[in-house]
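Q: Just passing along the structure, written as structure tokens.
Structural data, given as structure tokens:
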């Protein structure tokens, strides 16, 4: 009986050693797999990030091309009434450079035209968050200019108005022909 007990213990010890070796090998393989997996994720993240940055740049360029190649006047003001975007048509019409426009309010740029930071229409857009369409008249360099202006809010992901955009189409030639 003692002989059989010793044999059982030897068999049990061998089984434990084999089990321990199998567990160690599985743990090592799991660690190697985890390293390879995380290296793959990091490499793909860099590729994904690069592709996202390229896509963002392309979208930004696309929008910039639309804004700056439009013959309509395009401007964007922040909620303090300061211009943050003006396109080249806007600059040409008012005879102002980008440096003379960006960061300035209407009273800074047009002291004789408007005395308020926002027009009444712009205030409605800011406070109601609803687009407005209005006919505006400006005296610029001795000439009366008439525009049909679409003024609309720029709204963030929280539904808050962050700025207002104005896209103005000149009606001056049409009105001159009607006279």
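In my numbering, the protein residues as written are 136 to 314. Note that CB positions come from ideal geometry on N, CA and C, so glycine has one too. Just so we're clear, the structure is a prediction, and the values are computed from it rather than from any experiment.
(1) For my contact list, residue 299 and residue 257 are in at a C-beta cut-off of 8 Å; report their separation, rounded to the angstrom.
(2) Given residue 327, which residues of its chain have a CB within under 6 Å of its CB, disregarding the five upstream and five downstream residues?
(3) Which runs of the beta strand (DSSP E) at least 3 residues long sit entirely within the region 174-261? Give them in chain order.
(4) Measuring alpha carbon to alpha carbon, tell me which residue in 261, 227 and 281 is nearest residue 312.
(5) Is the distance from the Cβ of residue 301 to the Cβ of residue 286 below 7 Å?
(6) Would you kindly work out how many angstroms separate the C-alpha atoms of residue 226 and residue 236, rounded to a whole number?
(7) How is residue 268 classed by DSSP in three states: helix, strand or coil?
(8) Can you tell me whether residue 241 is buried or exposed, with buried defined as 16 or more other CB within 10 angstroms of its CB?
(9) Here's the rule: buried if 16 or more other CB atoms are within 10 angstroms of the residue's CB, otherwise exposed. What is residue 288?
(10) Should residue 206 be labelled buried (16 or more other beta-carbon atoms within 10 Å of its own) or exposed?
(11) Tell me which residues share the same chain as residue 276 and place their Cβ nearer than 8 Å to its Cβ, disregarding the 5 neighbours each side in the sequence.
(12) How big is the Cα-Cα spacing for residue 200 and residue 194?
(13) Bridge partners for residue 305 per DSSP, in chain order?
(14) Which value, in whole angstroms, describes the spacing of the CA atoms of residue 154 and residue 162?
A: If we stick to the structure as given:
(1) 6 Å
(2) Lying outside 136 to 314, the shown extent of the chain, residue 327 is not represented and no answer is given.
(3) 208-213 and 218-221
(4) 281
(5) yes
(6) 8 Å
(7) strand
(8) buried
(9) buried
(10) exposed
(11) 230
(12) 10 Å
(13) 282
(14) 12 Å
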